[in-house]
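First residue of the sequence shown? That's 33 in our numbering, and the numbers climb one at a time after it. The beta carbon of each residue, even a glycine, is placed where N, CA and C say it ideally should be. The structure appears below as structure tokens.
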Amino acid sequence: QSVSAVNPVAESDHKPDGKEYPCQLKILGGTMIRSCKTMKADRSTTEPREIPRFVPDEPFPPYSYVTRRFPHPTGDPAGHSFGCAPEHPAAPDPSRWDACRAYLYGMDLFNHGYYWEAHEVWEGLWHACGRAGTTANFLKGLIHLAAAGVKARERRPQGVQSHGNRAKELFQQTASELG
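Pasting the structure below:
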């Protein structure tokens, strides 16, 4: 299964140099692989692509949270999830990622630019599996990857780099543990 995110960043978040930073997430045998390329943000020569959904019946929030740009989703009465009880998903079965609705919804959120929201969903799974072990480290890598997306939206390159590097370390550790 492959998911291409042509533009995971909102139109207003394009770089001034006219470039986008599209990402591709692939699930191969239960492992997520991410690759990025740079391309010109000229919509007249680039066909828009539909980004497939894993959980199409689960709606997206009305906005993707970015600090100081939107109300905090859970802490501000105007937030998109204010007053909603946090979900406590069951621990995922690492041999059946395709059956883990919370994991797949996190993928949908991430692929559509809802980085903070993806972080929250994956963090719930990380807690559910005890915050330790191979599965927890994989989820923690996803959490850091989503945090890097948040930092990109905040235009904080050092945060992008540090979270991206930590995600890479956790994914490498996970791959090593799985052999």
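Here E119 is exposed. Its C-beta has fewer than 16 other C-beta atoms within 10 Å.
Rounded to whole angstroms, the separation of the alpha carbons of P88 and H151 is 19 Å.
Contact check for Y147 and A178: beta-carbon distance about 5 Å, within the 8 Å limit, so the pair qualifies. Here the alpha carbons of H176 and S208 stand approximately 18 Å from one another. According to the DSSP assignment, T166 belongs to the alpha helix (DSSP H) that extends over T166 to R185. Between the alpha carbons of A122 and L157 lies a gap of roughly 7 Å.
In terms of CA proximity to I83, D140 leads the group D140, Y135 and G173. Of the candidates F170, V192, K183 and Y95, the residue whose Cα lies closest to the Cα of E155 is F170. Inter-residue distance for F114 and G211 is about 42 Å (C-alpha atoms, whole angstroms). Looking from the CA of T206, the closest CA among T166, T106, A184 and F102 belongs to T166. Across the structure, Y97 and S194 are spaced so that their CA atoms are roughly 20 Å apart. With fewer than 16 other CB atoms across the displayed protein chains lying within 10 angstroms of its CB, A164 is exposed. When the beta-carbon positions are compared, H159 and F92 stay at least 8 Å from each other. Of C116, R187 and Y135, the smallest CA-CA separation from G173 is found for Y135. For R188, the secondary structure class from DSSP, reduced to helix, strand or coil, is coil.
Here DSSP, grouped into helix, strand and coil, assigns Y97 to coil. Setting aside the 5 residues that flank it on each side, V153 is surrounded in the same chain by A134, Y137, G138 and L141, each with a C-beta closer than 7 Å to its C-beta; the list follows chain order.
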